[in-house]
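Below is one structure; the comments refer to it alone.
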Amino acid sequence: MSDMTLTLSVPALRELVGDLSGSIVVPGDDDWNDARRAWNLAVDQQPAAVALPETADDVAAIVRAAADLGLRVAAQTTGHNAGPLSNAPLDDTILLRTSAMRGVTVDAENRCARVEAGAVWAEVVEPAARVGLAALAGSAADVGVAGYVLGGGLSWLARAKGLAANHVLAFEVVTADGERRTVDAEHDAELFWALRGGGGNFAVVTAIHLRLFPITSVQAGALLWPAERAEAVLSAWRQWTRTVPDELTSVGRILHLPPMPELPPHLAGRSLVAIEAVSLLDAELTAALLAPLRALAPEIDTFHETPMTDLHLLHMDPPGPVPGMGDGMLLETVDADALAAMVEATGAGSGTALLSMELRHLGGALSPDRAPADGGAVAAFDAEFAAFAVGIAPHPQAAAAVHASLARVMTALAPWRAAQSYINFVESSRAADEMWDDGLDRLRAVKSAYDPLRVIRSNHPVD
Ligand SMILES: Cc1cc2nc3c(=O)[nH]c(=O)nc-3n(C[C@H](O)[C@H](O)[C@H](O)COP(=O)(O)OP(=O)(O)OC[C@H]3O[C@@H](n4cnc5c(N)ncnc54)[C@H](O)[C@@H]3O)c2cc1C
Numbered sequence: 000m001s002d003m004t005l006t007l008s009v010p011a012l013r014e015l016v017g018d019l020s021g022s023i024v025v026p027g028d029d030d031w032n033d034a035r036r037a038w039n040l041a042v043d044q045q046p047a048a049v050a051l052p053e054t055a056d057d058v059a060a061i062v063r064a065a066a067d068l069g070l071r072v073a074a075q076t077t078g079h080n081a082g083p084l085s086n087a088p089l090d091d092t093i094l095l096r097t098s099a100m101r102g103v104t105v106d107a108e109n110r111c112a113r114v115e116a117g118a119v120w121a122e123v124v125e126p127a128a129r130v131g132l133a134a135l136a137g138s139a140a141d142v143g144v145a146g147y148v149l150g151g152g153l154s155w156l157a158r159a160k161g162l163a164a165n166h167v168l169a170f171e172v173v174t175a176d177g178e179r180r181t182v183d184a185e186h187d188a189e190l191f192w193a194l195r196g197g198g199g200n201f202a203v204v205t206a207i208h209l210r211l212f213p214i215t216s217v218q219a220g221a222l223l224w225p226a227e228r229a230e231a232v233l234s235a236w237r238q239w240t241r242t243v244p245d246e247l248t249s250v251g252r253i254l255h256l257p258p259m260p261e262l263p264p265h266l267a268g269r270s271l272v273a274i275e276a277v278s279l280l281d282a283e284l285t286a287a288l289l290a291p292l293r294a295l296a297p298e299i300d301t302f303h304e305t306p307m308t309d310l311h312l313l314h315m316d317p318p319g320p321v322p323g324m325g326d327g328m329l330l331e332t333v334d335a336d337a338l339a340a341m342v343e344a345t346g347a348g349s350g351t352a353l354l355s356m357e358l359r360h361l362g363g364a365l366s367p368d369r370a371p372a373d374g375g376a377v378a379a380f381d382a383e384f385a386a387f388a389v390g391i392a393p394h395p396q397a398a399a400a401v402h403a404s405l406a407r408v409m410t411a412l413a414p415w416r417a418a419q420s421y422i423n424f425v426e427s428s429r430a431a432d433e434m435w436d437d438g439l440d441r442l443r444a445v446k447s448a449y450d451p452l453r454v455i456r457s458n459h460p461v462d
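The letter at position 430 of the sequence shown is residue 429 when you use numbering that gives the first Met the number 0, and the numbering goes up by one with no holes.
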């Protein structure tokens, strides 16, 4: 850390950044704890300062000032994936939070949206739906569009449409030299490639131009059984995933729900196995496809025609910040032994401290042979399933238990692990060559070309 960092004060930093419309918060300020708080409340971020820009020019001024001070800049939208960023000290880093930059403009005619870097998915899904369009949003309404898209973006429509990053038309960014640029297939094409899957390593994104789709509703819902039936249900689901068309994207999961009053009484405090699915087919075709799963007599069946604005309810993600600990990996395949290992580690009677252990069905438009030729650094997954496990860790004892349970299931599934990881589902620090399989040298070359002094810092560094 430089001497200037030690004496960092609001006036000194302000002088360097000039007239910001946003604000800078430093340790000791009344709003310090609010400014540095991540969506994931289990993460204690202690940066040198927090910058809250309101415009792209603010972002440029902050990046230039950080470089002048010998500091680094870490962009953050919400802090859903803040965990790995804080695994190394942040005392040489300005945390640049984009939460005040939330403008969203939908262009109905051209089926696209310009989304500022602080927006969360609900803020895109709703205006898009008003003009009959859908975005490739993730399962939770309050995940940041920027972090999600930079990592790839696995939506409920993923098997039909591919990764959200494949549908980025352009990024507006500030590069490490403090320059504002619009990056697309024709301008800074290598940077455009790296930004689509390489995460927040290469530039601070200030806005994203996204393609939207003419979809107003889907058939969506969950089938739930007591967790004691997990192995039988998940085995049937695994077989079934091999038969379904790309219009159907599904998740198989084991849930241990806390006895929370916010949950419906038939779910609170229960351990369940669930199949959640979204279908772009009509009700009749979807019902025909679901028949083999319904033959297993689920206790609860919530399938119905669902407007795009309600889809964020399906996965039962927390509606706001929580202290979570999660981790994931891609799985080359899942066979009967893999399911048995998963159920042993996380099923009924396992003693797991996890809230949820899920497998997302990949394939379809996510397959390598369907990756668009002009796709980004992560344009497909060479894996049949994505695994993600999470627990709630409000205090150190719970954190230790969740940590042990995560390690147990990740170790149990390791024999089926794919070479590539999906950075959005990785909430621990991993070596770059465990995160990106092919393409790592090319990502590092882009990093060196655009950020030779390593001013920009990502939660998942490429080097
Ligand atoms: C409850 C929950 C549900 C989820 N559901 C899904 C899902 O359905 N599908 C899926 O694919 N993922 C999902 N995720 C994972 C999610 O996509 C990642 O956690 C993602 O990183 C979150 O983006 P964020 O911007 O909200 O998080 P942040 O922690 O703010 O950002 C993550 C990283 O992205 C980079 N970044 C963010 N903003 C910028 C910017 N403006 N410029 C440059 N870099 C930036 C930075 O490197 C940052 O550290 C889920 C996560 C949670 C906790």
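Don't be surprised by glycine CBs; every beta carbon is placed ideally from N, CA and C.
Item, Value
"Would you kindly report the start and end of the unbroken alpha helix (DSSP H) that includes residue 410?", "395-412"
"Considering only heavy atoms of ligand 1, does any lie closer than 8 Å to the CB of residue 145?", "yes"
"Alpha carbon to alpha carbon, what distance is there between residue 67 and residue 150?", "29 Å"
"I think residue 456 touches residue 73, with their Cβ atoms under 8 Å apart; what is that distance to the nearest whole Å?", "4 Å"
"Return the residue from the list 332, 127, 206 that minimises the CA-CA distance to residue 418.", "332"
"Between the alpha carbons of residue 104 and residue 43, how many angstroms are there, rounded?", "34 Å"
"My output table needs one value for residue 5: the three-state DSSP class, helix, strand or coil.", "Below a pLDDT of 50, predicted positions are generally treated as unreliable, and residue 5, at 48, falls in that range; the measurement from the model is reported next regardless. Note: residue 5 maps to helix in three-state DSSP."
"Is the beta carbon of residue 45 within less than 8 Å of some heavy atom of ligand 1?", "no"
"On the criterion of 16 or more Cβ atoms from any shown chain inside 10 Å, does residue 350 qualify as buried, or is it exposed?", "exposed"
"Residues in its own chain within less than 6 Å of residue 2 by CB, not counting five upstream and five downstream?", "Reliability fails at residue 2, whose pLDDT of 48 lies under 50, so the model's placement of it is uncertain and the value that follows must be treated cautiously. None."
"Using CA atoms only, rank isn't needed, just tell me which of 107, 187, 155 is closest to residue 130.", "107"
"Along the chain, which unbroken stretches of the alpha helix (DSSP H) at least 4 residues long are found entirely within the segment 304-350?", "335-345"
"CA-CA distance, residue 190 and residue 413?", "33 Å"
"Would you mind reading off the limits of the alpha helix (DSSP H) that contains residue 201?", "Premise fails: residue 201 is in no alpha helix (DSSP H) and is neither H nor E."
"Grouping DSSP H, G and I as helix and E and B as strand, with all else coil, what is residue 456?", "coil"
"In whole angstroms, what separates the C-alpha of residue 424 from that of residue 289?", "27 Å"
"Among 138, 82, 50, 55, which has the Cα closest to the Cα of residue 102?", "55"
"With a floor of 4 residues, list each alpha helix (DSSP H) that falls wholly inside the segment 272-309, ordered by position along the chain.", "282-293"
"Locate the alpha helix (DSSP H) running through residue 439, then write down its first and last residues.", "439-449"
"Determine which residues share a DSSP beta bridge with residue 387 and list them.", "327, 357"
"Are at least three pairs of beta-carbons, each pair with one atom in the segment 187-203 and one in the segment 367-378, less than 8 Å apart?", "yes"
"Under 8 Å: does the beta carbon of residue 154 sit that close to some heavy atom of ligand 1?", "yes"
"May I ask you to verify whether the segment 218-238 touches the segment 302-318, counting CB pairs closer than 8 Å and requiring at least 3?", "yes"
"Does at least one heavy atom of ligand 1 sit under 8 Å from the Cβ of residue 449?", "no"
"State the Cα-Cα distance for the pair residue 282 and residue 205, rounded to the nearest angstrom.", "40 Å"
"Nearest to residue 239 by CA position, among 203, 291, 223, 277, is which residue?", "291"
"Counting only runs that start and end within the segment 143-216, where is the beta strand (DSSP E) found for 3 or more residues in a row?", "167-173, 179-182, 203-210"
"Compare the C-alpha of residue 152 against each of 174, 133, 196, 179 and name the closest.", "196"
"Nearest to residue 265 by alpha carbon, out of 447, 300, 444, 287?", "300"
"Taking its Cβ as the centre, do 16 or more other Cβ atoms sit within 10 Å of residue 32, making it buried, or is it exposed?", "exposed"
"In whole angstroms, give me the CA-to-CA distance for residue 22 and residue 386.", "39 Å"
"Buried or exposed: which applies to residue 237, given that a residue is buried once 16 or more other Cβ atoms fall within 10 Å of its Cβ?", "buried"
"Return helix, strand or coil for residue 85, following the three-state DSSP convention.", "helix"
"When every heavy atom of ligand 1 is checked, does at least one fall within less than 8 Å of the C-beta of residue 459?", "yes"
"What does a CB cutoff of less than 7 Å around residue 228 pick up in its chain, not counting 5 residues either side in sequence?", "272"
"For residue 45, which residues of its own chain have a beta-carbon under 6 Å away from its beta-carbon, when the five flanking residues on both sides are left out?", "89"
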